[in-house]
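K.L.:
Okay, here's the structure, questions in a sec.
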């Protein structure tokens with residue numbers, strides 16, 4: 600690649616990275632710029648961020664930069680351990696969050712588990728699909744919220760009743 604082309608791509612990469620950071624700030628409900636309260640605009644913003652991350656990844660790949668579009672899996676694992684209890688009912692706040700590798704159907708998979716001494720064992724939740732979403736550019740905290748909702752359904756499955764006609 601010619602030096603001129605590389606400089607042009609590097610400038611585009613830096614501009615795109617700054618633009619994506621501004622979009623991320625708009626998503627954060629704690630900032631003044633937030634559009635988090637308007638669902639249609641929040642979804643459109645999420646789509647723009649994903650498209651931008653994909654473009655950033657492609658440019659970075661051409662430049663030989665190792666960074667991918669989303670959070671690396673190990674950062675998302677840290678986010679799970681540190682923050683998932685915020686999304687769970689209060690009765691689980693004193694549980695310890697663990698991510699373990701277990702063998703299911705002959706394959707080793709990573710699962711998240713809540714554990715507390717002198718408590719009944721709670722079910723585990725496979726986390727591969729959530730990690731894949733984050734690595735593809737989805738917002739880690741939104742994925743964490745969906746993950747917590749799925750875990751709540753495992754802990755307390757809702758009974759479904761058919762309505763009488």
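In the numbering used here, the protein residues as written are 600 to 764. Just so you know, even glycine gets a beta-carbon here, dropped at the ideal spot from N, CA and C. This structure is a prediction, so every number in the text was calculated from the model and none was measured.
1) Quick one: what's residue 706 bridged to in DSSP?
2) Compare the C-beta of residue 604 with all C-beta atoms of chain C and state if any pair is closer than 8 Å.
3) Is residue 679 helix, strand or coil when you go by DSSP?
4) Between the Cα of residue 743 and the Cα atoms of 606, 735 and 682, which residue gives the shortest distance?
5) Spatial neighbours of residue 760 within its chain, please: C-beta separation below 7 Å, excluding the five flanking residues on both sides.
6) What did DSSP end up calling residue 713 once you bin it into helix, strand or coil?
7) Could you tell me whether the Cβ atoms of residue 754 and residue 711 are closer together than 8 Å?
8) May I have the straight-line CA-CA distance separating residue 730 from residue 604, to the nearest angstrom?
9) With respect to the alpha helix (DSSP H) encompassing residue 736, which residues constitute its N-terminal and C-terminal limits?
10) Under 8 Å by Cβ, that's how I've got residue 658 and residue 736 pegged, so tell me the actual separation to the nearest angstrom.
11) Based on the DSSP secondary-structure assignment, which residues constitute the bridge partners of residue 724?
P.N.:
Judging by the given coordinates:
1) DSSP, once it has assigned bridges, lists 703 as partnering residue 706.
2) No chain C is part of this structure, which consists of one protein chain only.
3) Here DSSP, grouped into helix, strand and coil, assigns residue 679 to helix.
4) Answer by Cα proximity: 682.
5) Reliability fails at residue 760, whose pLDDT of 45 lies under 50, so the model's placement of it is uncertain and the value that follows must be treated cautiously. None.
6) In the three-state reduction of the DSSP assignment, residue 713 falls in the strand class.
7) Taking C-beta atoms as the reference points, residue 754 and residue 711 fail to come closer than 8 Å.
8) Going from the Cα of residue 730 to the Cα of residue 604 covers about 34 Å.
9) Unbroken run through residue 736: none, as it is neither H nor E.
10) With a Cβ gap of about 14 Å, residue 658 and residue 736 do not count as contacting.
11) BP columns for residue 724 point to 711.
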